[in-house]
DNA sequence: ATCCGCCGTGGACAAATTGTCCACGGCGGA
DNA sequence: TCCGCCGTGGACAATTTGTCCACGGCGGAT
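Chains as they are written, first to last, in this note's numbering: chain D, 6 to 212; chain W, 6 to 212.
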């Protein structure tokens, strides 16, 4: 089957080149079956890191995303995935397309900046629903750490709180209780983590 | 002098057409001397509404902006202005270029949306510098009303506060004192306006 | 098994902020 | 001149924020 998918993958890769890579995964071994136009350095046989899909809401049958990802060098990607099943409904392959957004981001920035400092009337962007963004941020962090909420280590928590702090979350009214709820902690625990994170800049383990 | 400026104005208008208008104002009578490629419906002789310039920080000698403005139909503009002086330093004319940003905005939105719901890592967008956005919002409002800060009517103030409220500004910690400063009012005045604005949805003058 | 240290919990409290109220003074119109 | 409206500043109550600490659970070392 993977063979029959190959032309499709290559076609997509060519269409979007050089801004996208196409990866075919083997869900059984959780490894890369084939890759076209790699952006990341992965090659055939590398682990897939596909567990992530479990977390995501499929938008339709076996279709996931688009969802954001990042390359180690900081470039941002938009990704979609599709599960290919055999005649009996068993997953046979997972096809992922990762588009490098940086070129589009740059162009958008150029256009958006055209003769304009402009914030204008969309004042409605001040707060939006910061509570949702908070949850997202926490969820992302947890996912990145590959753990669950209560499986986080202390230093993980400090790190997360530091991130939220840097993001200005705590300038929001009533944020501490909300963060506490989002992290599944007590209010005081959050204050304690916050104190820690503000004490030591960004160390891992002091000797 | 205005005559000698005409070719310049027309050239600029043609270069940017159909996305920009060029207006030549007479600061003495505060009216429109000439206009090329009008976006607004102003014609020669109309009042200029130029007092606004006093409020803005010039970026260089007699050069203002770019600053955002809006057309009655909602299109957003980016504007720059320049003061032309005679041999003795008296203002002789004011040249304004207003670029219709809507096309650029649209293009930017398309690019920005490319394959992306993306919240990604820019968590740093939570608060940004809401204080600056606050000032901008206030300044925009004042400019739109064509008045100065202390020239606002009571209902204007209520309206502005309502806008800020809707924008979620007051969910920000310590926002009331800051808003008070930005509006040149006392803290209690802001609370009073806020109470009013929350009482009546959006009426002008109840019978 | 027991002890110890780490960590989070909850609650008590002090400090700060937020929201209300009101008397006073300026200002414009009848 | 008198009146009504409006903002000011300050007093105060209500809430929220931040700190502290004793208690209890849990895992590792003894």
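Ideal Cβ positions, reconstructed from N, Cα and C, are used throughout, including at glycine.
A quick note: this is a predicted structure, and the numbers were derived from the prediction, not measured.
Mapping the DSSP letters down to three states, classify residue 71 of chain W as helix, strand or coil. strand
CA nearest to the CA of residue 142 of chain D, picked from D:39, D:37, D:184 and D:13: D:184
Under 8 Å, Cβ to Cβ, is there at least one residue of chain D near residue 199 of chain W? So, not an interface residue.
Given a cut-off of 8 Å on the beta-carbon distance, is the pair residue 116 of chain W and residue 116 of chain D in contact? Yes, Cβ-Cβ distance for residue 116 of chain W and residue 116 of chain D is below 8 Å.
From what residue to what residue does the beta strand (DSSP E) around residue 105 of chain D run? 96 to 105
When DSSP labels each residue in this structure, what does residue 110 of chain W get in the three-state scheme? helix
Cβ neighbours of residue 202 of chain D in the same chain (closer than 8 Å, five flanking residues each side left out): 163, 164, 166, 167 and 170
is_contact[residue 11 of chain W, chain D] using C-beta, thresh 8 Å: no
Are the C-beta atoms of residue 192 of chain W and some chain D residue less than 8 Å apart? no
Write down the C-beta distance between residue 177 of chain W and residue 178 of chain D rounded to the nearest angstrom, noting that I regard them as a contact closer than 8 Å. 7 Å
Could you name the residues of chain D that residue 203 of chain W contacts, counting a contact when the two beta carbons are closer than 9 Å? Those within 9 Å of residue 203 of chain W in chain D number zero; the least Cβ separation is about 16 Å.
With residue 28 of chain W as the anchor, note down where its beta strand (DSSP E) starts and where it stops. 25 to 31
Sub-8 Å separation of residue 29 of chain D and residue 100 of chain D beta-carbons: Contact check for residue 29 of chain D against residue 100 of chain D passes: the beta carbons are separated by less than 8 Å.
Which of the three DSSP states is assigned to residue 44 of chain D in this structure? coil
Kindly give me the distance between the Cβ atoms of residue 102 of chain D and residue 85 of chain D, rounded to whole angstroms, as I take these residues to be in contact under 8 Å. 5 Å
Can you give me, in chain order, the residues of the stretch 170 to 188 of chain W that have a beta carbon less than 9 Å from any beta carbon in chain D? 171, 172, 173, 174, 175, 176, 177, 178, 179 and 180
Please list the partners that residue 116 of chain W has in chain D, where partner means a Cβ-to-Cβ separation under 7 Å. 109, 112, 113 and 116
Per-residue burial, residue 16 of chain D [other beta carbons within 10 Å of its own, 16 or more giving buried]: exposed
Measuring straight from C-alpha to C-alpha, what distance separates residue 181 of chain D and residue 140 of chain D? 13 Å
Would DSSP call residue 198 of chain D helix, strand or coil? helix
Out of D:159, D:71, D:145 and D:152, which has the shortest C-alpha to C-alpha gap to residue 190 of chain D? D:159
From this set, D:111, D:146 and D:98, which residue's C-alpha is nearest residue 187 of chain D's C-alpha? Residue nearest to residue 187 of chain D within the set D:111, D:146 and D:98 is D:146 (criterion: CA-CA distance).
Tell me which residue opens and which closes the alpha helix (DSSP H) that residue 184 of chain D is part of. For residue 184 of chain D, the uninterrupted alpha helix (DSSP H) segment begins and ends at 180 to 188.
Helix, strand or coil, according to DSSP, for residue 39 of chain W in the structure here? DSSP places residue 39 of chain W in the strand class (E or B) of the three-state scheme.
Helix, strand or coil at residue 158 of chain W according to DSSP, with G and I counted as helix: coil
If you draw a straight line from the alpha carbon of residue 71 of chain D to that of residue 204 of chain D, how long is it in whole angstroms? Rounded to the nearest whole angstrom, the CA to CA distance from residue 71 of chain D to residue 204 of chain D is 38 Å.
To which residues of the same chain is residue 172 of chain W closer than 8 Å at the C-beta, ignoring the five residues directly before and after it? 142
Alpha carbon of residue 98 of chain W to alpha carbon of residue 42 of chain W, nearest angstrom: 18 Å
Nonlocal neighbours in the same chain, by C-beta distance under 8 Å from residue 192 of chain W, ignoring five residues either side: When the five nearest sequence neighbours on each side are left out, the beta carbons in the same chain lying within less than 8 Å of the beta carbon of residue 192 of chain W are those of 181, 182 and 185, in order along the chain.
Buried or exposed (CB count within 10 angstroms, at least 16 for buried), residue 25 of chain W: Residue 25 of chain W should be labelled buried.
CB-CB under 7 Å to residue 161 of chain W, same chain, minus the five flanking residues each way: which ones, in chain order? The residues are 150.
If residue 113 of chain D sits next to residue 113 of chain W, beta carbons under 8 Å apart, how far is it from one beta carbon to the other, in whole angstroms? 5 Å between Cβ atoms; contact.
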